[in-house]
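J.: So the sequences go chain by chain: L, Y and G. Reading the first sequence from the start, the letters are residues 1 to 183 in our numbering. Reading the second sequence from the start, the letters are residues 184 to 523 in our numbering. Reading the third sequence from the start, the letters are residues 524 to 1165 in our numbering.
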Amino acid sequence: MRIHVPLVLLLLLTLFSCEREERRFRQAPSAASTKDTVQVSGLHPGGGPPQGSPQLPSYYQESAYAVNEGKRLFNQYNCSGCHANGGGGIGPPLMDRGWIYGSEPGNIFATVMQGRPNGMPSFRNRIPEYQGWEIVAYVRSLSGQLPSDVAPARSDDAYFKPSEESMPKQTPTGITGVPEQKK
Amino acid sequence: MKRAAQLGCATVAIMLSAACCQAQQSAMNPAGPQAGKIEWLFWVIFWIAFVVYVLVIIAFTRASTRNRVREERPVPVLENPPGERGAAIAVHSALAITVITLFSILVMSIITGEKVEGITSKNPVTIQVTGHQWWWEVTYPNLQADQTVITANEVHVPVGKPVVVLTNSADVIHSFWPPNIHGKHDLLPGYQNAFWMQVDQPGIYRGQCAEFCGYQHAHMGFAIVAESADDFSKWLEQQRKAAETPHDPETSRGEQVFLGHACVMCHTIRGTTAGSRMGPDLTHLASRHMIAAETLPNTRGALAGWIVDPQSIKPGSQMAPNPLDPDELNALLAFLQSLQ
Amino acid sequence: MAVADPIVVSNAERSEALRTTWSEGRGIYHWFTNVHHTTIGKLYFVTSFIFFLLGGILAALVRIQLARPENNFLGPDKYNQFFTVHGSTMIFLFAVPMMYQAFGVYLVPLMVGARNIAFPRLAAFSYYIYVGGCLLLWGGLLLNIGADAGWFSYVTLSGPAYSPGKRVDFWAQMITFTELSALAVAVCLIVTILKHRAPGMTLNRMPLLVWEKLVLSFMVVFAMPAVMLVSTMLLMDRTANTHFFNPAEGGDVLLYQHLFWFFGHPDVYIIFLPGAAIISTLVATFSRRHIFGYAGIVVATIATGFLGFGVWVHHMFATGIPQLGESFFTAATLMIVIPTSYQFFCWIATLWNGKPQLRLPMLWVGGFFFVFMIGGLSGLMLASVPLDLQVHDTFFVVAHFHYVLIGGAVFPMFGGIYYWFPKIIGRMANETLAKVHFWLFFIGFNLTFFTMHFLGLRGMPRRVYTYLPEMHWTTLNQIATLGAIFMTAGVLVFVINVLWSKQHGVIAEANPWGAGTLEWGVSSPPPPYNFLNLPTVSGREALWDDPPNEPVVTGIRDDVREVLLTNSLDAEPEGKEEQPGPSIWPFLAALVVSAVLIGSIFTLWAVVYGAVPIIITIIGWVWPKGDEAVERRSHEKWSTTV
């Protein structure tokens, strides 16, 4: 019956945990922070390596729950009113390759929180920061930037576009059509 | 003003009389004809079951002990046990009695079911209950759109009159269950079902979601407030009104706080520009006797705690934390508590 | 009383030859090449019991959380995972594998007088696939991927929109593993029971446990595909953009419930009927007489098997199905009480007209009577639609199903384990420890679950991770938690008893209880070849009814794994068949199938690429053994060699 030894060794698995399944309910509330300062120019004086953009905390990129929350918020806060589930309309499409203000998580976060010229509202003080990051993760999934086991599957609505997890990954480009350079 | 005072007194009176029974979410304490008939059926089947149980246990005990052999080693096998014919008669008689008993339970069950579901009336009050994760959207539809009442978590009904409850769900399967009044009915996404309900005794009856629906299934309660026809009409009239414009500076500031923070993203207060249908309608928040789906009392302190840190009370619910400065919070509370 | 000895060659020589032919081999490699039913049966017993313990630990944690209102021992996320995995473990990883597969695989070949189960490699494969399912669900739980939508995972909560991540996918695929395992065992058992019985064992003379396993195997064949279908549909909705349960695209949430409960209700009879059969066996043995009403009990078992498929809507009375339709299911649910009541009356009649010797296993028969009946009677209340609408999805129904499942399966299981312990292990279990175990478990069980009837009637719904203090449910919950402590202690005493008695128990003779079925005619534990001489029978209780000069079968070879095939109805000998020896291919096939099933949760390419290794293992499995075996088989009647 020593075949059961491996079963007991299973318990060691408790030391690990799957990031995809992490769920955080009680997160730090929204506050003005320096995190949404995005570098908008690639130039900087003095040589040396460039500063990075604010990074998406890895939880939002890796947790299926967080991305699914982003999808729920995208629908409930009526982003579809202008962006039509990613297809665009009044606002630009979000499921294609083209990014007017950059596809890095920090860029998208700044877009959502600060707003942009030509009609994108600012959601600062209207939504907590962590919800902003959840929406950022979801927006990135619309063009297939997230792995398919993290991105949301089909919703329980009419099926008018492929689910985010079956979207092929689009290579982000800027408005000029040239693929973005990684900063 | 007078009407508001009358309404307030009526509410307090109901609350006082029901306070001792407020936690009476029990199928054994019927307040309406439907729960009453079901309780009757329960006792009938219970006593049948009790008698059957006692008889079978006595038979089993006697059978095990009357010829009992106390040997440890196995004794020789009985080749032709005596009394087999008697046993055959007994077994088949018991079987016949069982069949007859089961059939009578079937008949009683069908009759009770027909009586419970057969309550109807002409021109009943119609209530649409839509389940959300994790609160109840309660609508009193009306052919005139401005007469429609939308509220949350609290269902008012006139005493003694059958009402029709229409059920639907916006997300997952929930189940509407006020045990003092009626059995549960599931709220299914993609289905619009309906059932009749009647409450005969005035009071406040707590109910709870009875189909597992996610993280805060445990805290998804609601209340049925049964009141006289007059009080019910007054309540409905009051609910139809939009929120009054704030009179004093504090309440006015509270309205600005509401509109300037996350609150406006999810809640409706008719009479202001807040129109989101994502969360419960707060137009008459102060008229409800509990908040957060029958989880917290509707007091200033509980409301403050709920607004600032809902995730510590209901982790996983869809309300985000709202850290506010103390005077902003106080102003907001003043505004919310003015929404009668 | 041993089976009659042959005359020609000495027993010692023959038993040596048979032992060599039928041995399973030693060493780590041979851990994975088992094909004898006693080995596989023991593996099933131990593995399913381990998962009983693990499921019980989760239940204890759930009870700790519910001991106080607004407790914060477990948050809602962990609580949801724990109660879901508790239910799924108990039903899929413990109850069916123990009651059906463990008892069936171990006992049926012995009871019908065969050397091994039919299709031994398929039986081995079924065990490894079952373990794959266990590892999937529990590996998931330990990695925070524990299923969390309830053991029946209703849509749309378990659908792609409201259960993100892979938790429900792990649950759905675990279903595929365990149902595949049960179907494999069903095939083995049906063929064993119909084709491998001892000559003279007509259908009319089969032990009741064998009848029950035959009925159960057919129930498995008809019920399991429904759940494999519905779990696969759920998996496809979640990963392949199908819309089976998406109302917006023409899908239906109630379709899930219908398909699931079409399986789910027969499943609980698959769990209960083995318990009833064990009770029949124990009552006959310890009343020292043939069971009263053998034919009636057989008919009752078959009737329960059929009727079990006609009651599933009683799980769905609250969904708004029209009352007339629901009343049909009330009638069917009440009707299924009739065959079960008949069995109760027959057991009482057997005891009444017998000479009861209330040995240790009878304690559990008594427990069964006291406990299962309460569950059956509360089932009458659940059968009635209006009353069910009050108590459905509350702690009342939790009380009901624990009374019928623990009363109807776990109590007979413990009785059966103590009864067959000497046969399987070779030593008697310690009686004092066993009595302590019984009373702790019995008292604890009633404390925990009887109070739940009141909790349900007083308004406490199921699956709530906490409750408000003003609901006045606190005291009852505390009593229920106290009972859980007693139950845990009782089970611990049992584990100690097993471990101690294995080493130090009184050595058991072949037939310590004086029973009548064939497994008691061989030594305890049985030799690897089961029977020195394949027996014939001339009565229902072979050891009681056969005359001293009952003939034995000759002409079956001792140097190859030969088994006797007999006619399905009256067990006239028909031919011989050679069975395969120890083989690594069932384990490899199970490994590969497990990898493909788990991979398909993440990408459908796993099925495409995985087809190759699966084909390789199938080829290895059926590869002919070599010239000698081919020559032997060419001289025999046609037979299957899986």
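Just so it is clear, CB atoms sit at the ideal spot from N, CA and C, and this is done for glycine as well.
1) Could you give the DSSP three-state label for Ala377 of chain Y: helix, strand or coil?
2) Met524 of chain G to Leu261 of chain Y, Cα distance in whole Å?
3) For Phe785 of chain G, which residues from the same chain have a beta carbon less than 6 Å from its beta carbon, with the 5 sequence-adjacent residues on both sides left out?
4) Could you name the residues that DSSP lists as bridge partners for Lys1099 of chain G?
5) Is it true that the CB of Val382 of chain Y sits closer than 8 Å to the CB of Ala425 of chain Y?
6) Have a look at Ile825 of chain G and Leu796 of chain G and give me their C-alpha separation to the nearest angstrom.
7) Can you name the residues of chain L whose CB is closer than 8 Å to the CB of Pro498 of chain Y?
8) Going by other Cβ atoms of all chains shown within 10 Å of its Cβ, with 16 needed for buried, is Phe160 of chain L buried or exposed?
9) So Ile563 of chain G contacts chain L; which residues on that side make the cut at Cβ distance below 7 Å?
10) Near Ile1121 of chain G, what residues of its chain come up, given a Cβ to Cβ distance below 7 Å and the 5 sequence neighbours on each side ignored?
11) Using a Cβ-Cβ cutoff of less than 6 Å, which residues in the same chain neighbour Val440 of chain Y once the five nearest sequence positions on both sides are dropped?
12) With DSSP as the reference, please indicate the residues paired to Cys392 of chain Y in a beta bridge.
13) Could you check whether the region 533-542 of chain G touches the region 595-603 of chain G, counting it as contact only if at least three pairs of C-beta atoms, one from each stretch, sit closer than 8 Å?
14) Against chain G, does Pro168 of chain L count as a neighbour if the rule is that its beta carbon must be under 8 Å from one of theirs?
15) Would you mind reading off the limits of the alpha helix (DSSP H) that contains Glu954 of chain G?
16) Is Pro432 of chain Y helix, strand or coil when you go by DSSP?
17) Taking the Cβ atom as the reference point for each residue, do Met936 of chain G and Thr971 of chain G lie within a distance shorter than 8 Å?
18) Could you name the residues of the same chain whose beta carbon sits closer than 6 Å to that of Gly115 of chain L, not counting the 5 residues immediately before and after it, in chain order?
19) Where Asn336 of chain Y and Ile310 of chain Y are concerned, what is the direct C-alpha to C-alpha distance, given to the nearest angstrom?
20) Whole-angstrom Cβ separation of Gly930 of chain G and Gly967 of chain G, contact assumed at under 8 Å?
21) Within 8 Å (strictly less), CB to CB, does Pro172 of chain L reach chain Y?
22) Could you check where the alpha helix (DSSP H) with Asn603 of chain G kicks off and where it finishes?
23) Are the Cβ atoms of Gly269 of chain Y and Val776 of chain G separated by less than 8 Å?
24) What would DSSP say about Ile452 of chain Y, mapped onto helix, strand or coil?
25) Please say whether Ala393 of chain Y and Thr917 of chain G have beta carbons closer to each other than 8 Å?
26) Are Pro722 of chain G and Pro1049 of chain G touching if we call contact CB-CB under 8 Å?
27) Determine the DSSP secondary structure at Tyr653 of chain G, reduced to helix, strand or coil.
28) Starting from Leu370 of chain Y, trace the beta strand (DSSP E) in both directions and tell me its first and last residue.
29) By the 10 Å Cβ neighbour count, where 16 or more other Cβ atoms means buried, how is His719 of chain G classified, buried or exposed?
30) With a cut-off of 8 Å on the beta carbons, I'd call Phe278 of chain Y and Ser864 of chain G a contact; round off their distance for me.
31) For Phe961 of chain G versus Gly1028 of chain G, is the C-beta spacing smaller than 8 Å?
32) Here's the rule I'm using: 16 or more other beta-carbon atoms within 10 Å means buried, otherwise exposed. How should His4 of chain L be labelled?
33) Would DSSP call His400 of chain Y helix, strand or coil?
34) Chain G partners of Cys18 of chain L, CB-CB under 7 Å?
35) Please decide whether Asn764 of chain G counts as near chain Y, where near means a Cβ-Cβ distance under 8 Å.
36) Beta carbon of Gly828 of chain G, beta carbon of Phe700 of chain G: below 8 Å?
T.: Walking through what the data contain:
1) DSSP places Ala377 of chain Y in strand when its eight states are reduced to three.
2) In this prediction, Met524 of chain G scores a pLDDT of 42, lower than 50, which makes its location untrustworthy; the coordinate-derived value is nonetheless stated afterwards. Each residue's alpha carbon lies about 16 Å from the other.
3) Once the five neighbours on either side are set aside, the close Cβ partners of Phe785 of chain G are Ala749 and Trp835.
4) DSSP lists G:Leu1087 as partners of Lys1099 of chain G.
5) No, these two residues do not count as a Cβ contact at 8 Å.
6) For the pair Ile825 of chain G and Leu796 of chain G, the Cα-to-Cα distance works out to about 10 Å.
7) Phe25 and Arg26, listed in chain order.
8) Exposed, because fewer than 16 other Cβ atoms sit within 10 Å of the Cβ of Phe160 of chain L.
9) Result: empty, since nearest Cβ-Cβ is about 11 Å, beyond 7 Å.
10) The residues are Leu659 and Gln696.
11) Only Glu511, Ala514 and Leu515 meet the Cβ criterion.
12) Y:Phe359.
13) No, the region 533-542 of chain G is not in contact with the region 595-603 of chain G.
14) Not closer than 8 Å to any Cβ of chain G, the Cβ of Pro168 of chain L fails to qualify, so no.
15) The continuous alpha helix (DSSP H) containing Glu954 of chain G extends over residues Glu954 to Leu980.
16) The answer is helix: DSSP assigns Pro432 of chain Y an H, G or I state.
17) In this structure, the beta-carbon distance from Met936 of chain G to Thr971 of chain G does not fall below 8 Å.
18) Shown here for Gly115 of chain L: same chain residues with a beta carbon closer than 6 Å to its own, the five before and five after excluded, namely Pro121 and Ser122 in chain order.
19) Spanning the two alpha carbons is a distance of roughly 12 Å.
20) With 8 Å as the limit, Gly930 of chain G and Gly967 of chain G do not qualify as a contact, their Cβ atoms being about 14 Å apart.
21) No - not a single Cβ of chain Y is within 8 Å of the one on Pro172 of chain L.
22) Element bounds for Asn603 of chain G: Pro599 to Ser611.
23) No. Outside cutoff.
24) The three-state reading of DSSP puts Ile452 of chain Y in coil, since its state is none of H, G, I, E or B.
25) The Cβ-Cβ distance between Thr917 of chain G and Ala393 of chain Y falls below 8 Å.
26) No.
27) Helix, per DSSP.
28) Leu370 of chain Y -> beta strand (DSSP E) spans His368 to Leu370.
29) Buried: at least 16 other Cβ atoms inside 10 Å.
30) Just to set this straight, residue 278 of chain Y is Leu in the shown sequence, not Phe. Rounded, the Cβ-Cβ distance is 7 Å, consistent with contact.
31) Not closer than 8 Å, so no.
32) The residue is exposed, with fewer than 16 neighbouring Cβ atoms inside 10 Å.
33) Correct three-state label for His400 of chain Y: helix.
34) Near Cys18 of chain L (Cβ distances below 7 Å), the residues of chain G are Leu666, Asn667 and Ile668.
35) Not one chain Y Cβ lies under 8 Å of Asn764 of chain G.
36) No, these two residues do not count as a Cβ contact at 8 Å.
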